[in-house]
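Student:
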Amino acid sequence: MMPPLYAGLVDDASLLPPSPIGLAEAAAKHREHTTAWYSGLIGALLIPASAVGAEPVPRLAAALVGDIPVGALPAMVEKLRAAGMVVEQVEAAVARRGEDPQPGLATLRSFAATETAGAAAIGARSEPGTSGENGPDRVAGGRAPDLTNGEPGPRRAGGEPGPDRASGLRVWAEIPLSWGLLGALDAVAEARREGLPLAPKFRVGGLAAELFPTPVELAAVICACRDRDLPFKLAAGLRHATRHTDPETGFTHHGFLNVLVATLLAADGGEVAEVAEALAATHPVPLVEPARSHRDDARPLFAGFGAANVVEPLTELVRLGLVSGGYE
């Protein structure tokens, strides 16, 4: 069994550019991962909207990555549902770096509100004693109940599940780490207080040095999410467990284990400097013991990240002695 600390940590990003495989192959490989001994580590299959074309849509649960205009997402979601896919999550950028994130965030918030209302209506029709095709033995509109196989998902800083568990679909707003960030986080927090399944996602890497936040900058973002009771996802740059410099590009990448330990500290009330220290560690020694001591705890704040090859982060966790390697 996968320790709860790592449950659903790694989304399957094998289809994201520059992927050499198609939708059918990615779906088949994802099914293999979700039936393997390490299945508890695996999150959603990330499917870019641009990859949905001539190939048949696989009948599985997945997350739609909106590399199309935000306003076009509702139609794409309904298209995938009609084809038999269970769209568990939608991830979409609300603005480019330097742009005001509020207009795109408002559009995504409206989409989340519509989804929540639809899920509530389906739930009401599915109460015991109802009848018809939307009754308790059938899930309408392609929505599905909790598909985590009993593994605990990320908890909020206070330990309670967020409102995203109550809806058939979770919405992740990718917010640039630039001007307007704190106001956007305030807007997301307000939406969650209203019961909407909305949460932030941040890009922490890319093709330019300025796309990699410093440990202090990322620590401030983590603490801002902690203060607003916001779970978050990360994208790009998390190639290895610990912080490291890519010898080919010279870019210094954050480590996913650094982020995990940093969020443990933040959830326990750590200040920005303490959280930044964990993010800055370039050796696993100061990270392994905190991770090991919390292995049976639900993960706070950090909902997960995507990996083109989900076996790579698994291998690093096994080598660090944090996951058993299938022998438990």
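If you're matching positions, the sequence shown starts at 1 in full-length UniProt numbering and goes up one per residue.
Glycine included, every Cβ here is placed at the ideal spot set by N, Cα and C.
1) Within its chain, find whatever has a CB closer than 8 Å to the CB of Pro-284; leave out the 5 residues flanking it on each side and keep chain order.
2) Please say whether Pro-300 and Leu-264 have beta carbons closer to each other than 8 Å?
3) Nearest to Leu-182 by alpha carbon, out of Ala-208, Leu-196, Ala-51 and Arg-226?
4) Is it buried or exposed, Pro-163, if we count other Cβ atoms within 10 angstroms and call 16 or more buried?
5) Who are the near neighbours of Ala-224 in its chain, counting only those whose CB is closer than 6 Å to its CB and skipping five residues on each side?
6) Alpha carbon to alpha carbon, what distance is there between Gly-237 and Glu-32?
7) Could you tell me the alpha carbon to alpha carbon distance between Gly-304 and Arg-81, rounded to whole angstroms?
8) Report the residue from Ala-267, Glu-316, Pro-4 and Glu-99 whose alpha carbon sits nearest the alpha carbon of Asp-229.
9) If we ignore side chains and look at the alpha-carbon of each, how far apart do Leu-16 and Arg-192 end up?
10) Does the beta-carbon of Ile-175 have 16 or more other beta-carbons within 10 angstroms, so that it is buried, or is it exposed?
11) At 4 residues or longer, and completely inside the stretch 39-78: list those alpha helix (DSSP H) runs for me, N to C.
12) Classify Pro-18 as helix, strand or coil using the three-state DSSP reduction.
13) Alpha carbon to alpha carbon, how far is Gly-118 from Val-77?
14) For the beta strand (DSSP E) that contains Leu-198, what are its first and last residues?
15) Give me the Cα-Cα distance between Ala-83 and Ala-61, rounded to the nearest whole angstrom.
16) Let me know the secondary structure DSSP gives Ala-308 once reduced to three states.
17) Quick check on this structure: which residue in Leu-207, Ala-291 and Ala-72 has the alpha carbon closest to the alpha carbon of Glu-248?
18) Let me confirm a value: Ser-14 is counted as buried when at least 16 other C-beta atoms fall within 10 Å, else exposed. Which label applies?
19) Identify every residue that forms a DSSP beta bridge with Gln-89.
20) Residue range of the beta strand (DSSP E) that Leu-287 falls in?
21) Which residue wins for smallest C-alpha separation from Glu-194, given the options Thr-116, Leu-260 and Pro-231?
22) Output the distance between the C-alpha atoms of Ala-26 and Gly-325, rounded to the nearest integer angstrom.
23) Mark Arg-59 as exposed unless 16 or more other C-beta atoms lie within 10 angstroms of its C-beta, in which case mark it buried.
24) Between Pro-290 and the rest of its own chain, which residues show a CB-CB distance below 7 Å, the 5 nearest in sequence each way excluded?
25) Check Asp-146 in the structure and name its three-state DSSP category.
26) Using only the alpha-carbon positions, how far apart do Leu-108 and His-253 sit?
Tutor: Taking the geometry as given:
1) Counting only residues of its own chain and dropping the five nearest sequence neighbours on each side, Pro-284 has a CB closer than 8 Å to the CB of Ala-241, Thr-242, Leu-257 and Leu-320.
2) The answer is yes: Cβ separation under 8 Å.
3) Nearest option by C-alpha distance: Arg-226.
4) Caution applies to Pro-163, whose pLDDT of 42 falls short of 50 and renders its modelled position unreliable; the value that the coordinates give is listed next. Buried, because 16 or more other Cβ atoms sit within 10 Å of the Cβ of Pro-163.
5) The residues are Leu-185.
6) Distance between the alpha carbons of Glu-32 and Gly-237 is about 25 Å.
7) The alpha-carbon atoms of Gly-304 and Arg-81 are separated by roughly 24 Å.
8) The shortest Cα separation from Asp-229 among Ala-267, Glu-316, Pro-4 and Glu-99 belongs to Ala-267.
9) If you take the alpha carbons of Leu-16 and Arg-192, they lie about 28 Å apart.
10) Counting Cβ neighbours within 10 Å, Ile-175 comes out buried, since at least 16 surround it.
11) Along the stretch 39-78, the alpha helix (DSSP H) does not occur as any fully enclosed run of 4 or more residues.
12) Here DSSP, grouped into helix, strand and coil, assigns Pro-18 to coil.
13) Those two C-alpha atoms are separated by around 13 Å.
14) First-last of the beta strand (DSSP E) with Leu-198: 198-203.
15) Those two C-alpha atoms are separated by around 12 Å.
16) In this structure, DSSP gives Ala-308 a state outside helix and strand, which the three-state scheme calls coil.
17) When the alpha-carbon of Glu-248 is set against those of Leu-207, Ala-291 and Ala-72, the nearest one is in Leu-207.
18) Looking at its Cβ environment, which holds 16 or more other Cβ atoms inside 10 Å, Ser-14 is buried.
19) Partner(s): Ala-63 and Arg-170.
20) Counting along the chain, Leu-287 falls outside any beta strand (DSSP E), though it belongs to the alpha helix (DSSP H) covering 285-293.
21) It is Thr-116 whose Cα lies nearest to the Cα of Glu-194.
22) Straight through space, the alpha carbons of Gly-325 and Ala-26 are spaced by roughly 24 Å.
23) Exposed is the call here.
24) Cβ neighbours of Pro-290 beyond the five flanking positions: Val-261 and Leu-264.
25) Summary for Asp-146: the model assigns pLDDT 34, below 50, so the residue's position carries little reliability; its value from the coordinates is reported in the next sentence. Look at Asp-146 here: in three-state DSSP terms it is coil, with no helix or strand label.
26) Cα-Cα distance, rounded: 29 Å.
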